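>
Residue numbers (the numbering used here): 4 to 392.
Rendered as structure tokens:
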């Protein structure tokens with residue numbers, strides 16, 4: 004990489020960090036007796052009896068942790084799946100859900116790290132029901148194998164939290180011919196959800212939570228360029244001088260749009276979907292792809308959420324019974340928020356589904372062409388799990 008490209012990347016990352024850490028004007032509630040401060044009016048904190056489908060009052064905020072959000076929930080008998088659950092926000096999400104009594108499937112790329120995470124949960128709560136299942140989101144074949152194994156297990160699935168992600172990796176094309184960041188953050192997790200849709204429908208009421216980001220507002224894409232070539236950027240020149248950060252925003256926009264599509268088409272059949280922002284530059288493993296990212300995240304760490312707080316909005320979207328009216332919506336700091344203009348565009352929502360479907364079926368057709376005669380040749384996995392829209 005040339006010196007000018009390195010300088011451009013540094014400037015881009017600094018501007019990205021600055022934007023993510025801007026403090027917007029907010030109301031601050033001060034308890035002068037106890038000396039405490041909060042972004043939530045404490046008079047609303049426990050007003051559950053006042054909730055209804057037409058009114059919703061915020062109970063939690065940016066300081067709340069996942070365990071605090073789930074404090075009054077008994078999740079016994081529920082089954083939840085969390086991708087990227089071996090560390091960071093995914094681990095804290097899985098941990099809080101398991102502690103409240105649900106069976107949790109830790110869907111992890113590295114079985115060793117997943118086992119260590121599961122053992123950590125069991126050390127805290129020996130009766131916790133957690134299982135580690137390996138899946139490599141950089142491989143659609145791995146996703147297919149994972150989903151077939153899950154469907155064969157006979158387990159229900161009440162909550163699917165698509166948490167895994169990468170940010171700013173070196174430009175890489177996966178074995179499926181897809182740019183890594185787009186595949187891991189969007190396409191593979193969409194594929195996983197689509198293959199498990201029959202299980203989710205059979206387990207309804209169910210929820211799908213897509214962990215997005217405020218970065219969905221900082222994209223390289225526009226309405227005019229919202230197509231396969233710009234979403235799946237296989238040309239490395241498009242990454243030059245940006246460290247892949249605008250493309251990260253593109254993939255997070257896909258999460259927002261996917262939640263809207265799923266809720267629109269499946270809410271009437273018992274599946275609600277939400278997208279969430281866990282917090283600005285929370286210190287997790289997502290920054291490991293580049294040394295400068297690691298440095299910036301370290302410097303920002305005193306001013307950002309903990310991973311326990313970062314998991315709070317995910318579990319709220321997964322289990323809070325009072326947010327049904329916001330189905331398909333975007334949550335930040337445990338409250339519904341407006342997305343970017345692109346994130347609210349119904350035409351882009353439908354266009355993304357068609358683009359993704361075309362990419363997935365193209366990959367499946369290549370597998371089917373390689374399959375020996377009589378070994379299920381000609382049967383698309385997506386068609387096997389087809390659900391009418």
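Each residue gets a CB set at the ideal place from its N, CA and C atoms; glycine is no exception.
Note that this is a predicted model, so its numbers are computed, not measured.
Do residue 198 and residue 388 count as a contact pair if the criterion is CB distance below 8 Å?
The residue given as residue 388 occupies position 385 in the chain shown. The residue given as residue 198 occupies position 195 in the chain shown. Cβ distance < 8 Å, so residue 388 and residue 198 count as in contact.
> Quick one: Cα of residue 262 to Cα of residue 125, how far?
The count along the chain shown starts at 1 and reaches residue 262 at position 259. The count along the chain shown starts at 1 and reaches residue 125 at position 122. Straight-line Cα distance between these residues: approximately 32 Å.
> Under the three-state reduction of DSSP, which class applies to residue 338: helix, strand or coil?
On the chain shown, residue 338 is found 335 positions in, with the first residue counted as 1. In the structure shown, residue 338 sits in a strand (DSSP, three-state: E or B).
> Helix, strand or coil: which one does DSSP assign to residue 233?
Taking the first residue of the chain shown as position 1, residue 233 is located at position 230. Under the three-state reduction of DSSP output, residue 233 falls in the helix class.
> Mapping the DSSP letters down to three states, classify residue 165 as helix, strand or coil.
The residue given as residue 165 occupies position 162 in the chain shown. Strand.
> On the three-state DSSP scale, how would you describe residue 345?
Translated into the one-based positions of the chain shown, residue 345 becomes position 342. Helix, per DSSP.
> Taking buried to mean at least 16 other C-beta atoms within 10 Å of its own C-beta, is residue 392 buried or exposed?
Numbered from its first residue, the chain shown carries residue 392 at position 389. With fewer than 16 other Cβ atoms within 10 Å, it is exposed.
> Per DSSP, what are the beta-bridge partners of residue 333 in this structure?
Looking up residue 333 in the chain shown gives position 330. Note: residue 333 sits in a beta bridge opposite 278, 340.
> Given residue 312, which residues of its chain have a CB within under 6 Å of its CB, disregarding the five upstream and five downstream residues?
Residue mapping note: residue 312 aligns to position 309 of the chain shown, counting from 1. Same-chain partners within the cutoff: 68.
> Under the assumption that residue 314 contacts residue 92 (Cβ atoms under 8 Å), give the Cβ distance between them as a whole number of angstroms.
Indexing the chain shown from 1 puts residue 314 at position 311. Indexing the chain shown from 1 puts residue 92 at position 89. Going by Cβ atoms, the distance from residue 314 to residue 92 rounds to 5 Å, so yes, they are a contact pair.
> Where in the segment 130-158 do unbroken runs of the alpha helix (DSSP H), each at least 4 residues long, occur, reported from the N-terminal end onward?
With a minimum length of 4 residues, the continuous alpha helix (DSSP H) runs that stay inside the segment 130-158 are 143-156.
> Could you spell out the range, first to last residue, of the alpha helix (DSSP H) harbouring residue 3?
The structure shown does not extend to residue 3, since the chain is modelled only from 4 to 392, so the question has no answer here.
> For residue 150 and residue 220, what's the separation of their Cα atoms in angstroms?
By one-based count along the chain shown, residue 150 stands at place 147. By one-based count along the chain shown, residue 220 stands at place 217. Distance between the alpha carbons of residue 150 and residue 220 is about 32 Å.
> Determine the burial state of residue 266: buried for a count of at least 16 other Cβ atoms within 10 Å of its Cβ, exposed for fewer.
Locating residue 266 in the chain shown gives position 263, counting from the first residue. Residue 266 should be labelled buried.
> In the structure shown, what three-state DSSP assignment does residue 366 receive?
Numbered from its first residue, the chain shown carries residue 366 at position 363. The answer is helix: DSSP assigns residue 366 an H, G or I state.
> With DSSP collapsed to three states, give me the class of residue 316.
In the chain shown, residue 316 corresponds to position 313, counting from 1. Residue 316 falls in the helix class under three-state DSSP.
> Would residue 77 and residue 336 qualify as a contact pair, given that the criterion is a beta-carbon distance under 8 Å?
What you label residue 77 is simply residue 74 of the chain shown in a count that begins at 1. What you label residue 336 is simply residue 333 of the chain shown in a count that begins at 1. No, they are not a contact pair.
> Tell me the residue span of the beta strand (DSSP E) that contains residue 160.
Residue 160 sits at position 157 when you count from the first residue of the chain shown. DSSP places residue 160 in no beta strand (DSSP E); its state is neither H nor E.
> Between the segment 349-358 and the segment 155-172, are three or more C-beta pairs nearer than 8 Å?
no
> Between the alpha carbons of residue 181 and residue 237, how many angstroms are there, rounded?
Translated into positions along the chain shown, residue 181 becomes position 178. Translated into positions along the chain shown, residue 237 becomes position 234. In a straight line, the C-alpha of residue 181 is about 7 Å away from that of residue 237.
> My assumption, with CB atoms under 8 Å, is that residue 216 sits in contact with residue 249. Please give the rounded CB distance.
Position 213 of the chain shown, counting from 1, holds the residue named residue 216. Position 246 of the chain shown, counting from 1, holds the residue named residue 249. Not quite, the Cβ-Cβ distance comes to about 13 Å (not below 8 Å), so this is no contact.
> Taking just the CA atoms, how far does residue 310 sit from residue 131?
For the purposes of this step, residue 131 is taken as the residue at position 128 of the chain shown. For the purposes of this step, residue 310 is taken as the residue at position 307 of the chain shown. In a straight line, the C-alpha of residue 131 is about 20 Å away from that of residue 310.
> Along the chain, where does the alpha helix (DSSP H) that runs through residue 106 open and close?
Counted from its first residue, the chain shown places residue 106 at position 103. Run containing residue 106: none in the alpha helix (DSSP H); it sits in the beta strand (DSSP E), 106-111.
> Going by DSSP, what residue range makes up the beta strand (DSSP E) through residue 86?
In the chain shown, residue 86 corresponds to position 83, counting from 1. Going by DSSP, residue 86 is part of the beta strand (DSSP E) stretching over 82-86.
> Quick check: residue 214 and residue 165, are their CB atoms within less than 8 Å of each other?
Locating residue 214 in the chain shown gives position 211, counting from the first residue. Locating residue 165 in the chain shown gives position 162, counting from the first residue. Cβ atoms of residue 214 and residue 165: closer than 8 Å.
> Could you compute how far the alpha carbon of residue 207 sits from the alpha carbon of residue 370?
Here residue 207 is taken as the residue at index 204 of the chain shown, counted from 1. Here residue 370 is taken as the residue at index 367 of the chain shown, counted from 1. Answer to the nearest angstrom: the Cα atoms are 32 Å apart.
> Return the chain-ordered list of same chain residues with a C-beta closer than 7 Å to the C-beta of residue 278, the five sequence neighbours on each side being excluded.
As a first step, residue 278 must be located in the chain shown, where it is residue number 275. Only 213, 215, 258, 259, 262, 333 meet the Cβ criterion.
> Which residue marks the beginning of the alpha helix (DSSP H) containing residue 382, and which one marks its end?
Taking the first residue of the chain shown as 1, we reach residue 382 at position 379. That residue, residue 382, is in no alpha helix (DSSP H); it is neither H nor E in DSSP.
> Comparing C-alpha positions only, which one of 193, 272, 140 sits nearest to residue 205?
Taking the chain shown and counting its residues from 1, one reaches residue 205 at position 202. Closest option to residue 205, Cα to Cα, is 272.
> For residue 203 versus residue 163, is the C-beta spacing smaller than 8 Å?
The sequence position of residue 203 within the chain shown is 200, counting from 1. The sequence position of residue 163 within the chain shown is 160, counting from 1. Against a cut-off of 8 Å, the Cβ pair of residue 163 and residue 203 comes out as a contact.
> Just checking: is the beta-carbon of residue 250 within a distance shorter than 8 Å of some beta-carbon in chain B?
Structure shown: chain B not included; a single protein chain is present.
> Output needed for residue 330: all residues of its chain with C-beta closer than 8 Å, excluding positions within five of it in sequence on either side, in chain order.
Here residue 330 is taken as the residue at index 327 of the chain shown, counted from 1. Excluding residues within five positions, the ones whose Cβ falls inside 8 Å are 266, 270, 275, 276, 277.
> Could you tell me the distance, in whole angstroms, from the CA atom of residue 72 to the CA atom of residue 230?
The residue you call residue 72 lines up with position 69 of the chain shown. The residue you call residue 230 lines up with position 227 of the chain shown. Rounded to whole angstroms, residue 72 to residue 230 spans 38 Å at the Cα level.
> Report the rounded CA-to-CA distance for residue 177 versus residue 183, giving the unit in angstroms.
Numbered from its first residue, the chain shown carries residue 177 at position 174. Numbered from its first residue, the chain shown carries residue 183 at position 180. Each residue's Cα considered, the two are about 6 Å apart.
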